[in-house]
Amino acid sequence: MAYSESEIIANLKTISQRVSEACVRAGRDAGSVKLCAVSKFHPGEAVEACIKGGQFLFGENRVQEASEKFPVIFENHPEVKLHIIGQLQTNKVKNAVKIADTIQSVDRLDLIREIEKQAAKLEKIINIFLEVHTGEESKSGFENEDEVRKALTFIAEGNAPHVVPRGFMTMAPFTEDTVLVRKSFVILREMAENLRKEFPQFDLSELSMGMSGDFEIAVEEGSTMVRVGTSIFGERQY
């Protein structure tokens, strides 16, 4: 069941508090982790409720849905930022670039080429996170550090001037085994540490990892952005 406006605002406050408390437990500054509210399958009214609660960063999985929902939200709330967080097909890049500030789910070099092509047409700078496969077989993402390195080298050599790498993203395996979940986050953090040293010309400070069920572990392992949907909005409305 979807939540009412007052419930969404209350849930948002609870999640924000839990993120802050996780930061403090991990010896980090309480405001060092951003919350990306995942609004997929929820109507614009639910996003508006979240904005009333002080939330301005949202994540959407489906470009078509986001393209229908967010233009009016941007008109009313120009401070809102939208991240595309779902697997992105090349033929959806054109519309993704139009509406998104950041594409988190960049998982292959061809996608970077297409983002550059479409961003150049709009003369728009697009931030990206490089998605790394650290968990289940079914998850998308670059398979290893060498593949990520090649992508960063491609951008560093000037091949994608409209694309700015900001960090990395992963999805932990869907399991209650917290050892496996934590391992997934450690893999990404250690990879990021290596690549930051190799590519000092880029600000690769963002680590987008952790969702409703595991964000506290992610914060302990260095996440700078957690992606939370169901705990804020309720069950998805398909």
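The numbering used here applies: residue 173 is where the sequence shown begins, and numbers increase by one.
Every residue gets a Cβ at the ideal spot worked out from N, C-alpha and C, and that includes glycine.
Small disclaimer: the values here were computed from a predicted structure and weren't measured.
Compare the beta carbon distance of residue i and residue j with 8 Å and say whether it is the shorter of the two.
| i | j | result |
| --- | --- | --- |
| residue 262 | residue 281 | no |
| residue 478 | residue 378 | Only positions 173 to 410 of the chain appear in the structure, and residue 478 is not among them; the question remains open. |
| residue 229 | residue 212 | no |
| residue 297 | residue 277 | no |
| residue 403 | residue 384 | yes |
| residue 337 | residue 314 | no |
| residue 258 | residue 233 | yes |
| residue 198 | residue 365 | no |
| residue 205 | residue 245 | no |
| residue 405 | residue 175 | yes |
| residue 191 | residue 387 | yes |
| residue 328 | residue 371 | yes |
| residue 423 | residue 382 | Absent from the structure is residue 423, since the part of the chain shown begins at 173 and ends at 410. |
Quick test of your reading: residue i and residue j, contact by CB under 8 Å. State the CB separation rounded to the nearest angstrom.
| i | j | result |
| --- | --- | --- |
| residue 222 | residue 180 | 6 Å |
| residue 367 | residue 400 | 26 Å between Cβ atoms; not a contact. |
| residue 363 | residue 301 | 13 Å between Cβ atoms; not a contact. |
| residue 380 | residue 339 | 7 Å |
| residue 359 | residue 306 | 4 Å |
| residue 344 | residue 351 | Not confirmed; about 11 Å, so no contact. |
| residue 303 | residue 318 | Their Cβ separation, rounded to whole angstroms, is 15 Å, which puts residue 303 and residue 318 out of contact at 8 Å. |
Could you give the DSSP three-state label for residue i: helix, strand or coil?
| i | result |
| --- | --- |
| residue 216 | helix |
| residue 200 | coil |
| residue 205 | coil |
Tell me which same chain residues have a C-beta within less than 8 Å of the C-beta of residue i, skipping the five on either side of it?
| i | result |
| --- | --- |
| residue 224 | 177 and 181 |
| residue 288 | 331, 332, 333, 334 and 335 |
| residue 231 | 208, 209, 210, 211, 212, 254, 255, 256, 257, 276, 399 and 401 |
| residue 243 | 271 |
| residue 194 | 205, 387, 388, 391 and 392 |
Please work out which residues of its chain come closer than 6 Å, Cβ to Cβ, to residue i, disregarding the five sequence neighbours upstream and downstream, and give them in chain order.
| i | result |
| --- | --- |
| residue 235 | 264, 267 and 268 |
| residue 241 | 216 |
| residue 227 | 184 and 209 |
| residue 272 | 254 and 256 |
| residue 249 | 223 |
Near residue i, what residues of its chain come up, given a Cβ to Cβ distance below 7 Å and the 5 sequence neighbours on each side ignored?
| i | result |
| --- | --- |
| residue 188 | 207 |
- Which runs of the beta strand (DSSP E) fall wholly inside the stretch 339-387 and span at least 3 residues, in chain order? 378-380
- Message: Please give me, in chain order, every unbroken run of the alpha helix (DSSP H) with length at least 4 that falls completely inside the stretch 220-308.
- Response: 235-248, 265-271 and 281-294
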